[in-house]
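A quick write-up on the structure given underneath.
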Amino acid sequence: MFVLRRIAILIPTLIGLTLLVFVLIHLQGNNLILSEYLNPRLTGQARELAIQRLTQEFHLNQPVYIQYFYWLAQVFSGNFGYTNTPIFSGPVSTAIVLFLPNTVILSLFAALLIWLIGIPLGVFSAVNRDSAADQGIRVFSFTLYSMPIYLIAIALILILGVYTGILPFSGEVSPQLVSGLPWYVNGISYPTHVLLIDAIIHGDFAVAWNAFLHLIMPALTLALAVMAGIIRILRASMLETLEQDYIKLARAKGVPEKVVNNLHARKSAMLPVVTSFGYTVAGLLGGVVVVETVFDFPGIGYWTTQALLNDDVGGVMASTLIFGIILVVTTLVLDIIYAIIDPRIRY
Numbered sequence: 011m012f013v014l015r016r017i018a019i020l021i022p023t024l025i026g027l028t029l030l031v032f033v034l035i036h037l038q039g040n041n042l043i044l045s046e047y048l049n050p051r052l053t054g055q056a057r058e059l060a061i062q063r064l065t066q067e068f069h070l071n072q073p074v075y076i077q078y079f080y081w082l083a084q085v086f087s088g089n090f091g092y093t094n095t096p097i098f099s100g101p102v103s104t105a106i107v108l109f110l111p112n113t114v115i116l117s118l119f120a121a122l123l124i125w126l127i128g129i130p131l132g133v134f135s136a137v138n139r140d141s142a143a144d145q146g147i148r149v150f151s152f153t154l155y156s157m158p159i160y161l162i163a164i165a166l167i168l169i170l171g172v173y174t175g176i177l178p179f180s181g182e183v184s185p186q187l188v189s190g191l192p193w194y195v196n197g198i199s200y201p202t203h204v205l206l207i208d209a210i211i212h213g214d215f216a217v218a219w220n221a222f223l224h225l226i227m228p229a230l231t232l233a234l235a236v237m238a239g240i241i242r243i244l245r246a247s248m249l250e251t252l253e254q255d256y257i258k259l260a261r262a263k264g265v266p267e268k269v270v271n272n273l274h275a276r277k278s279a280m281l282p283v284v285t286s287f288g289y290t291v292a293g294l295l296g297g298v299v300v301v302e303t304v305f306d307f308p309g310i311g312y313w314t315t316q317a318l319l320n321d322d323v324g325g326v327m328a329s330t331l332i333f334g335i336i337l338v339v340t341t342l343v344l345d346i347i348y349a350i351i352d353p354r355i356r357y
């Protein structure tokens, strides 16, 4: 019942999101809707006929609320119009299929780094309160928390790329490695559109390793930007949890300290982290746009930037909807996770 209630709330939220996007389009006039769905390759009489067809199809001569329902029907059918950017020109739905997988793999890699580095650091800092290690972790987290994500990216580029040459920092692969490959065409790999996975599928492990190296720095940038807040929240929550009576009772019974910290205390301390992660995802989505642009990483964020720079209405509106849907669905998932961790909120 709890999940069904959350899904019931999700539906009007998504409809509200589409309404907001439509209002933003409509405020600019009907020409913006035509720009979104008009094939930029059409010229002359073909273009005029397409404008007439779109005017009838979207009922642009009808009241606004009627236009909204026809536009919504197109969106629900997966028709987001056309995009015309230097990295891709064609249907928006095709652009989403091509670029979204890279963003997903980048975000998953960043989440893995957060889980492997950020959460242990927060727990370690709390367990070793006021030690030299704790002070160092606190300085580290406060420094990251105060830095915009593009500064973190630039710092990593200078340290790991320019000065030491440890990691590559531009694109998703070294161009000379993929030149002439039949499964890598116009900057897009096939069949999954994630170069790391596609290279493994085709047995080209040199390209796979190079793609992995190119993935590290943008993923680390995203992870560090999010990790700073998680370390601070988890440390504060862990310190509060360690003072609870049931923790003291477990210690009095002789339960090993590692079991107390990692099994009993950390589970309760994770609740505020899960709660705040919804806000973190919002920042992460914005961070993806910045990170992919700084590193020229061909994901949905980089495509969004190109759409903005080229006044590409279809690309901008589609990416706005995608980011909004991801945020809303993530909130639903976090509510479910929170209910699993603390069953009391189900009632």
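Per this note's numbering, residue 11 is the first one in the sequence shown, and the count goes up by one each step.
All C-beta atoms, glycine included, are put in the ideal place defined by N, C-alpha and C.
Values in this document were obtained by computation on a predicted structure and should not be read as measured data.
Own chain partners of residue i with C-beta closer than 7 Å, once the 5 adjacent residues on each side are dropped
i, result
"residue 282", "243 and 247"
"residue 44", "61 and 64"
"residue 139", "249"
"residue 82", "28"
"residue 151", "238, 241 and 242"
"residue 212", "193"
"residue 101", "92"
"residue 148", "135"
"residue 74", "36"
Contact check, residue i vs residue j, beta carbons under 8 Å
i, j, result
"residue 297", "residue 235", "yes"
"residue 306", "residue 181", "yes"
"residue 331", "residue 93", "no"
"residue 342", "residue 16", "yes"
"residue 88", "residue 99", "no"
"residue 159", "residue 301", "yes"
"residue 184", "residue 220", "yes"
"residue 128", "residue 226", "no"
"residue 217", "residue 187", "yes"
"residue 135", "residue 245", "yes"
"residue 204", "residue 111", "yes"
"residue 78", "residue 32", "yes"
"residue 170", "residue 176", "yes"
"residue 223", "residue 178", "yes"
"residue 24", "residue 310", "no"
"residue 206", "residue 97", "no"
Spatial neighbours of residue i in its chain, beta-carbon cut-off 6 Å, leaving aside the 5 residues before and after
i, result
"residue 120", "229, 232 and 233"
"residue 314", "299 and 329"
"residue 4", "Past the edges of the chain, shown from 11 to 357, lies residue 4, and the structure says nothing about it."
"residue 303", "312 and 315"
"residue 144", "135 and 138"
Outcome for residue i when other beta-carbon atoms lying within 10 angstroms are tallied against a minimum of 16
i, result
"residue 215", "exposed"
"residue 262", "exposed"
"residue 86", "exposed"
"residue 13", "exposed"
"residue 113", "buried"
"residue 326", "buried"
"residue 107", "exposed"
"residue 95", "buried"
"residue 201", "exposed"
"residue 90", "buried"
"residue 19", "exposed"
"residue 251", "buried"
"residue 47", "buried"
"residue 321", "exposed"
"residue 317", "buried"
"residue 126", "exposed"
"residue 122", "exposed"
"residue 166", "buried"
"residue 70", "buried"
"residue 142", "exposed"
Bounding residues of the alpha helix (DSSP H) (the contiguous stretch that carries residue i)
i, result
"residue 313", "310-319"
"residue 219", "215-252"
"residue 65", "54-67"
"residue 255", "255-262"
"residue 208", "205-211"
Cβ neighbours of residue i in the same chain (closer than 8 Å, five flanking residues each side left out)
i, result
"residue 162", "154, 231, 234 and 235"
"residue 208", "193, 194, 199, 200, 201 and 202"
"residue 124", "233, 236, 237 and 240"
"residue 270", "257, 260 and 261"
Chain B contact for residue i (CB, 8 Å cutoff)
i, result
"residue 175", "The structure shown contains no chain B, having only a single protein chain."
Heavy atom of the ligand SAM within 7 Å of residue i beta-carbon
i, result
"residue 179", "With respect to small molecules bound, the structure shown includes none, and the ligand SAM cannot be examined in it."
Query raised in the report: Taking only runs of the alpha helix (DSSP H) that begin and end inside the stretch 141-190, which ones reach a length of at least 4 residues, in chain order?
Result: 142-156, 159-166 and 185-188
**Report entry** Sequence ranges, alpha helix (DSSP H) only - wholly within the stretch 82-142, length at least 4
**Finding:** Fully enclosed alpha helix (DSSP H) runs of 4 or longer: 102-123 and 129-137.
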